[in-house]
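Below is one structure, written out as structure tokens; comments come after it.
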Amino acid sequence: MTSDLQAPSNGRPRGHDFQQRPLSLAEARVLGTLMEKARTVPDSYPLTLNTLVTGCNQKSSREPVMNLADAAVLEALDALRALHLVLESSGSRVTRYEHNFMRAVAVPEQSAVLLGMLMLRGPQTAGELRLNTERWYKFLDIASVDAFLEELQDRSDDKGGALVVKLPRAPGAREQRWAHLLCGPVDAALLTQAPQTATSAATEDELINLTRRVATLENTVAALQDQLQNLNEQLGLSQPGQP
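Our numbering numbers the first residue of the sequence shown as 495 and each following residue consecutively.
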């Protein structure tokens, strides 16, 4: 079993070329969810199919919110396994899945963290990425986030080309956002789409503190859901809403 974003020792590097074979939206959601849960609920990782589906479809920390069926997640897992981006864990009564992103794509931990967050929450500024990834990895400052993003943008063709792009400044925005290229070229609508802005009079520090508290609560709920899922599996019970 692996933890965090470390690739399993039996995975082999592939240097996947996302320009030649981009991910589907479902594949990106499945992969990003595995990368997130490896960080936020390591005790429940690798994930079962039920836990993975729940993570893919959760309402918080997802943009867009999706409603993937079990069959769609299994199809995405099969495709990701063929690309060596996901591995199936053995030695358990229930099949579990883990990502192999760092080894397969040949990027450092910090870059994998940023790409995982971009897959889950869409285009974000460097400041937003630093805040949103606090539970995954603590970047020293925004400049360090920018440095890793620029490295991903300047990735050479022999390594598979750029993995992120810096979007033009949207109307009314102070900062430019970054988007991943793992699903192919960025949708043209994102180039001019204005980011959502806070309408309250709260200070920046208050917003940061509130975001941190919400992130902590989200991860607590996710951990409790995973623990309940594991308990149900051990007792041979089905999940609520399942036969």
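Cβ coordinates follow ideal geometry from the N, Cα and C atoms, glycine included.
Going by C-alpha to C-alpha distance, which of the options sits closest to residue i?
i: Leu711; options: Arg615, Thr534, Leu722; result: Thr534
i: Tyr539; options: Leu718, Ser605, Phe633, Tyr591; result: Tyr591
i: Trp630; options: Leu528, Gln721, Glu521, Ala637; result: Leu528
i: Pro679; options: Ala637, Val659, Leu525; result: Val659
i: His510; options: Ser555, Phe633, Asp651, Ala716; result: Asp651
i: Ala716; options: Phe512, Ala522, Glu521, Asp537; result: Asp537
i: Pro516; options: Thr714, Asn551, Gly655, Leu731; result: Gly655
i: Ala566; options: Val547, Gln514, Gln728; result: Val547
Hey, would you say residue i sits closer than 7 Å to residue j, going by beta carbons?
i: Leu541; j: Lys553; result: no
i: Arg649; j: Leu643; result: no
i: Leu661; j: Arg668; result: no
i: Ser799; j: Leu574; result: This structure does not reach residue 799, given that the chain is present from 495 up to 737, and the question cannot be answered.
i: Glu557; j: Gly616; result: yes
i: Met611; j: Leu623; result: yes
i: Leu579; j: Ala598; result: yes
i: Thr447; j: Asp720; result: Look at the range of the chain in this structure, 495 to 737, and you will see that residue 447 is not part of it.
i: Ala576; j: Cys677; result: no
Give me whichever residues DSSP pairs with residue i in a beta bridge.
i: Glu582; result: Tyr591
i: Val659; result: Ala673
i: Thr545; result: Answer by DSSP bridge pairing: none, since Thr545 is not bridged.
i: Gln618; result: Trp672
From which residue to which residue does the alpha helix (DSSP H) around residue i run?
i: Val607; result: 603–615
i: Val567; result: 564–576
i: Phe633; result: First-last for Phe633: undefined, no H or E at that position.
i: Thr627; result: Run containing Thr627: none; DSSP gives neither H nor E here.
i: Leu525; result: 519–534
message = I want to know whether the region 556–563 touches the region 580–600 - three or more CB-CB distances under 8 Å.
response = No, the region 556–563 does not touch the region 580–600.
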